[in-house]
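Structure first, commentary second.
Residue numbers (the UniProt record's numbering): 1 to 403.
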């Protein structure tokens, strides 16, 4: 690109370019980057105090940052020189380092950009939260006000530990995850027994491969909480939990007035997911009652809102699958009328029956269940509940309650 047309593009030519630099930056991993004193000082108070304080750093050719790795410093330089960071510049390998460095250099706008990228980029936090939790546990102390940590914990808590391969999440990262969700009203999908199983196998892996293999065989996956029978039949014979702790659990259960304990810590994911998503909502729609109800105010035309919960498994995708209030359904050009009677009256209740393994869908309308929609044989790997309506429509979303 010809110089002189874009200030940002021209400034990118200066980033970590020895030709236009007068100071070397030595990072934690001993990699040397290059910068211009004047630009660094003009853009960061921290650099200004360091480079123009009259001390040795003001005159020496090299400055060092023993707690900042080059991966994070490269993002800092990109932001300082250009005022922005390309979204693709952030990866699972440098995001935590960049956030830590942005905090060190008091670049709050860069921190906000990193948080926004982690939160809003398609599947970034979901795909990489175990690795990012591992990195953040190595870099930052465990505090409740760390926004990045909270975002990663929220993402990781929505992934079953059984689906996180050993090696992706470190013991310290797991400790952070469990500490941030212990006795907290936060969604958590992994049953407590599976938490114990994953923790024990992860710890055994640090001892030896043999210990890891033994526990893998002796600790089966179970879709239930740690109950006395599981303690007695599976965990206690392993002799890896002190007898006093086992006895205290038995004592607690014997004396407890609540024998129907939740099968997971925190809030059931089935409860927390059934709310309307404000980030995917028509501009005139109003969401209330902690996200459970959405309505269209007077004069509002047709708009749509999506639910937060995603229903996932195998499949492929054309676009959308709709049951209209007139009783007809459609998908793309596939339209079938008279699936069920119209349901335009107040208080109508519609239940969606989705089997994401078989890729089938059926509906119950006002208490009567209708047949599976055989024409919908192309359901995608992920589905979000969506409603579209106009004033004076009002919808509430709830998890299905089996009789």
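Note that the Cβ used here is the ideal one computed from N, Cα and C, for glycine as well.
#### Entry: Assigned secondary structure, residue 35 (DSSP; H/G/I helix, E/B strand, else coil)
strand
### Query
What's the gap between the Cα of residue 327 and the Cα of residue 189?
35 Å
### Query
So does residue 336 have its beta carbon nearer than 7 Å to some heavy atom of the ligand ADP?
Ligands in the displayed structure: none, and consequently the ligand ADP is not present.
### Query
With DSSP run on the structure shown, which of helix, strand or coil describes residue 105?
coil
### Message
In this structure, how does DSSP classify residue 335 when only helix, strand and coil are distinguished?
### Response
strand
### Task
Look up residue 303 in the DSSP assignment and give the residues it is bridged to.
389
### Query
Rounded C-beta distance between residue 274 and residue 399? I'm assuming under 8 Å.
5 Å
### Query
Within 10 angstroms of its Cβ, does residue 173 collect 16 or more other Cβ (buried), or is it exposed?
buried
### Task
Name the two residues that bound the continuous beta strand (DSSP E) containing residue 24.
23-27
### Query
What does residue 281 pair with, by DSSP beta-bridge criteria?
305
### Query
Under 8 Å between the Cβ atoms of residue 305 and residue 276?
yes
### Query
Curious, which full-length alpha helix (DSSP H) runs of at least 4 residues does the region 112-190 contain?
124-139, 147-157, 171-181
### Query
In the structure shown, what three-state DSSP assignment does residue 203 receive?
helix
### Query
How long is the line joining the alpha carbons of residue 2 and residue 8, rounded to whole angstroms?
12 Å
### Query
With 16 other CB atoms within 10 Å as the buried threshold, where does residue 223 fall?
The predicted model places residue 223 with a pLDDT of 41, which falls under 50 and marks its position as unreliable; any figure quoted below should be read in that light. So residue 223 counts as exposed.
### Message
Do residue 115 and residue 79 have their beta-carbon atoms positioned less than 8 Å apart in this structure?
### Response
no
### Task
Note down, in chain order, each residue of its chain lying with its Cβ closer than 6 Å to the Cβ of residue 152, except the 5 sequence neighbours on either side.
129, 132, 133
### Message
Considering only the alpha carbon of each residue, which of 5, 29, 39, 4 lies closest to residue 16?
### Response
39
#### Entry: residue 60 - DSSP class collapsed to helix/strand/coil
coil
### Cβ-Cβ separation, residue 139 to residue 96 (assumed contact under 8 Å), whole Å
6 Å
### Query
What does residue 396 pair with, by DSSP beta-bridge criteria?
293
### Task
Pull up the CB-CB distance for residue 340 and residue 365, whole angstroms please, since I reckon it's below 8 Å.
5 Å
### Query
Are the Cβ atoms of residue 135 and residue 155 separated by less than 8 Å?
no
### Query
Is the CB-CB distance between residue 50 and residue 63 below 8 Å?
yes
### Message
Less than 8 Å between the beta carbons of residue 36 and residue 73, yes or no?
### Response
no
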